[in-house]
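The block underneath contains the structure these notes are about, expressed in structure tokens.
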Amino acid sequence: MPFYARWMVSRASPERPGRRGLDAHVFSWSLPMAECPDAVADAVAAVLAPLGLELFDAELIGAGRGRTLRVYIDRDGGVDLDAITAASEAISPVLDHDPAAARALAGPYALEVSSPGVERPLRTPAHFRRALSSTVSVKTRDAEGRGERRRGVLVHADEPTAEGAGIDLLVDDEPVHVAYPEIVQARTVFEWGPAPKPSKGNKARNRARQHAAERSDR
2 MPFYARWMVS RASPERPGRR GLDAHVFSWS LPMAECPDAV ADAVAAVLAP
52 LGLELFDAEL IGAGRGRTLR VYIDRDGGVD LDAITAASEA ISPVLDHDPA
102 AARALAGPYA LEVSSPGVER PLRTPAHFRR ALSSTVSVKT RDAEGRGERR
152 RGVLVHADEP TAEGAGIDLL VDDEPVHVAY PEIVQARTVF EWGPAPKPSK
202 GNKARNRARQ HAAERSDR
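Rendered as structure tokens:
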């Protein structure tokens, strides 16, 4: 279960929430966050950085007095309850005093700060690298608009510095490469039950990693 903390806060004037855009060129790539005003996400990310924390995702949900701003934070090694509490106490006053964030968060809302949890969205190459060896579900769309969903073990994630950069999956013991711009949605998958037999799984993973290394050398 993810840690979370909940604070009740209020703001003053309306602004329609925005959505963070997709930047899928070969030198920088990320999927958009959930619905959250850009001004809010920027203000939160700025206050988290000195704490050694990353804004993993944020979403503003609900309507009227029932709105909730959910902020998901992370760092290498994960976050504990102390980090959640420190982040919550730092975020609230910043949203009080940042004019752009205050305009975007008109009216009352509840602030919830938590870790991303066991099953988490993957939006950036750094997110994918943290999820190596995990089972992931990836929804893709190619240049012709054809969609597909793949589920497999994540064995490699490129830096987004060259055309064709992306992730390497092991799907039914076969290596599969997915370029970053083709990814529409991705998340980790928590699997119940016994782990697969290591001998067969390790051989397939090594083969997938070899494919990734050979592609990087080209």
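Counting from 1, position 98 in the sequence shown corresponds to residue 99 in our numbering; the numbering is continuous, with no gaps. Built from N, CA and C at the ideal position, the CB exists for glycine as well.
Item checked: Contacting residues, own chain, Cβ-Cβ under 6 Å from Arg150 (five flanking each side not counted) -> Lys140
Notebook entry, point to check: From Gly108 to Pro51, what does the alpha carbon distance come to, in whole angstroms?
Noted result: 28 Å
Notebook entry, point to check: In the DSSP assignment, what residue or residues form a beta bridge with Arg121?
Noted result: According to DSSP, Arg121 bridges with nothing at all.
Next item on the list: Note the first and the last residue of the continuous beta strand (DSSP E) segment covering Glu175.
Entry: Glu175 to Ala180
Item checked: Limits of the alpha helix (DSSP H) - the one that Ala102 falls within -> Pro100 to Ala105
Margin query: Distance cutoff 7 Å, beta carbons only. Does Val190 sit that close to anything in chain C?
Written below: The structure shown contains no chain C, having only a single protein chain.
Checklist line | Secondary structure of Val48, DSSP reduced to three states | finding: helix
Note to self: Can you give me the C-alpha to C-alpha distance between Ser116 and Asp83, rounded to a whole angstrom?
What the structure shows: 12 Å
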